[in-house]
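Q:
In our numbering, the protein residues as written are 59 to 384.
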């Protein structure tokens with residue numbers, strides 16, 4: 059199979075869906091003439107023209123609301139936020155309109171819309187542009203949430219998200235846009251709501267999604283050198299969450315470490331830890347461990363920003379801690 063960068067896999071997904079379905083269109087800041095802030099939409103304006111690739115003003119509340127209205131009218135918008143940090147300006151449109159339309163209309167209205175863009179810390183962006191906001195949106199009923207970690211999943215999940223009749227929060231990572239991986243030339247879909255066991259193991263279960271998965275692979279290798287075989291789960295989808303795959307693994311390994319770029323308080327990671335503690339209590343030989351960002355705004359200094367985030371070293375230490383627990 060050919061190898062594609064993450065940004066190219068995402069672009070292929072949008073290209074294929076726009077070609078398949080005339081109701082799909084893309085809008086956001088600089089998605090057209092500039093080919094996207096991270097070049098994910100490169101070439102789409104030349105191929106599909108306006109208004110199917112629509113440059114917008116710097117007004118997230120406005121163009122997000124426009125897209126929600128278009129979805130209710132029968133179109134399938136793909137909204138690109140230059141960063142999920144800017145999505146806070148459109149919070150009302152997402153939380154009070156997109157997420158609730160099906161409920162408030164008694165199932166008569168559908169809102170097939172995708173909100174995509176980079177989420178979480180990158181480098182040298184400080185506290186306002188390095189936030190991992192998935193926990194905020196995961197809290198809202200009516201929203202689906204997808205967070206791929208590799209080009210194959212990114213393409214297949216984005217195609218599924220575009221075809222879904224519900225609003226889907228699609229979380230990418232600025233630091234993985236250049237990540238390459240095998241992507242089939244033939245069409246395929248990755249179902250929303252299915253986690254993936256990417257490494258088999260018997261001693262401890264490592265669980266994460268999106269960019270931190272790259273750390274889990276390295277941590278599992280280091281643990282194997284020390285005689286600890288880690289099973290690695292890529293959640294891929296946060297809502298709906300594939301609880302069955304998580305429980306099946308933890309019942310086998312009897313130990314779990316959850317890794318999340320969010321802050322610890324009321325986070326996706328802490329919720330997964332609670333689910334495991336509640337539903338796998340009789341199988342656990344050690345407390346469930348959470349490796350997450352420190353509960354502070356992101357520093358600008360590079361050494362400090364690395365220190366407050368999850369790392370391979372922190373994951374290895376946590377896994378060893380639960381593995382050697384009596």
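Built from N, CA and C at the ideal position, the CB exists for glycine as well.
Take every Cβ of the segment 181-200, pair it with every Cβ of the segment 352-363, and state whether three or more of those distances are shorter than 8 angstroms.
A: With a cut-off of 8 angstroms, the segment 352-363 and the segment 181-200 count as touching, because enough Cβ pairs lie within range.
Q: Reducing DSSP to helix, strand and coil, say where residue 354 ends up.
A: Coil.
Q: With a CB to CB cut of under 6 angstroms and the five nearest residues on each side skipped, what residues in its chain are close to residue 349?
A: Here the set comprises 317, 368, 372, 373 and 376.
Q: Under DSSP, the alpha helix (DSSP H) around residue 303 begins and ends at which residues?
A: Per DSSP, residue 303 belongs to the alpha helix (DSSP H) from 301-311.
Q: Compare the beta carbon distance of residue 151 and residue 119 with 8 angstroms and say whether it is the shorter of the two.
A: Contact flag set, yes.
Q: Quick check on the DSSP output: what are the complete alpha helix (DSSP H) runs of length 4 or more inside the segment 146-177, in order along the chain?
A: Qualifying alpha helix (DSSP H) stretches, in chain order: 159-162.
Q: Would you mind sorting residue 139 into buried or exposed? The rule is 16 or more other CB atoms within 10 Å of its CB.
A: Answer is buried; the Cβ neighbour count reaches 16.
Q: Would you list the one or two residues that DSSP bridges to residue 317?
A: Answer is 349, bridged to residue 317.
Q: Do you know offhand how far residue 136's Cα is from residue 279's?
A: Rounded to whole angstroms, residue 136 to residue 279 spans 37 angstroms at the Cα level.
Q: What's the gap between the Cα of residue 427 and the Cα of residue 250?
A: There is simply no residue 427 to check, as the chain begins at 59 and stops at 384 in what is shown.
Q: Between the Cα of residue 181 and those of 195, 234 and 106, spot the shortest distance and give me the residue it belongs to.
A: The candidate whose alpha carbon is nearest that of residue 181 is 234.
Q: Assuming residue 268 and residue 205 form a contact by the criterion Cβ under 8 angstroms, report the distance between their Cβ atoms to the nearest whole angstrom.
A: Right, the Cβ-Cβ distance comes to about 4 angstroms (below 8 angstroms), so this counts as a contact.
Q: Output the boundary residues of the alpha helix (DSSP H) element that contains residue 123.
A: Here the alpha helix (DSSP H) through residue 123 covers 118-130.
Q: Taking the continuous alpha helix (DSSP H) assigned at residue 212, which residues delimit it?
A: 209-221 is the span of the alpha helix (DSSP H), which, as asked, contains residue 212.
Q: Under 8 angstroms, with one C-beta from each stretch per pair, do the segment 86-102 and the segment 66-73 reach the 3-pair mark?
A: Contact between the segment 86-102 and the segment 66-73 is present, because at least three Cβ pairs lie under 8 angstroms.
Q: Considering only the beta carbon of each residue, do residue 91 and residue 73 sit closer than 8 angstroms?
A: No, Cβ-Cβ distance for residue 91 and residue 73 is not below 8 angstroms.
Q: Buried or exposed for residue 302, going by 16 or more other Cβ atoms inside 10 Å?
A: Residue 302 comes out exposed.
Q: Are the CB atoms of residue 176 and residue 210 within a distance shorter than 8 angstroms?
A: No, they are not a contact pair.
Q: Runs of 3 residues minimum, wholly inside the segment 65-118: which ones carry the beta strand (DSSP E) assignment?
A: List check, beta strand (DSSP E) in window: 82-86 and 111-113.
Q: Under three-state DSSP, which class holds residue 138?
A: Strand, per DSSP.
Q: Quick one: give me the first and last residue of the beta strand (DSSP E) that residue 202 is part of.
A: Where residue 202 is concerned, the enclosing beta strand (DSSP E) stretches over 202-204.
Q: Using alpha carbons as the reference points, say which of 163, 307 and 189 lies closest to residue 291.
A: With distances taken between Cα atoms, residue 291 lies closest to 307.
Q: Reducing DSSP to helix, strand and coil, say where residue 293 ends up.
A: Of the three classes helix, strand and coil, the one that applies to residue 293 here is coil, per DSSP.
Q: Taking residue 216 as the reference, give the member of 200, 248, 189 and 323 with the closest Cα.
A: If we check each option's Cα against that of residue 216, 248 comes out closest.
Q: Should residue 321 go down as buried or exposed, given a rule of 16 or more other Cβ atoms within 10 Å for buried?
A: Looking at its Cβ environment, which holds 16 or more other Cβ atoms inside 10 Å, residue 321 is buried.
Q: Taking a contact to mean a Cβ-Cβ separation below 8 angstroms, would you say residue 157 touches residue 201 in this structure?
A: In contact: residue 157 and residue 201 (Cβ atoms closer than 8 angstroms).
Q: Let me check one thing: in DSSP terms, what residues is residue 285 bridge-paired to?
A: Residue 285 is not bridged to any residue.
Q: Out of 352, 153 and 314, which has the shortest C-alpha to C-alpha gap to residue 224?
A: Ranking the options by Cα distance to residue 224, first place goes to 153.
Q: Which stretch, first to last residue, makes up the alpha helix (DSSP H) that contains residue 230?
A: It is not in any alpha helix (DSSP H) - residue 230 instead sits in the beta strand (DSSP E) that spans 226-230.
Q: Quick check: what's the CA-CA separation for residue 237 versus residue 122?
A: Near 28 angstroms, if we compare the C-alpha coordinates of residue 122 and residue 237.
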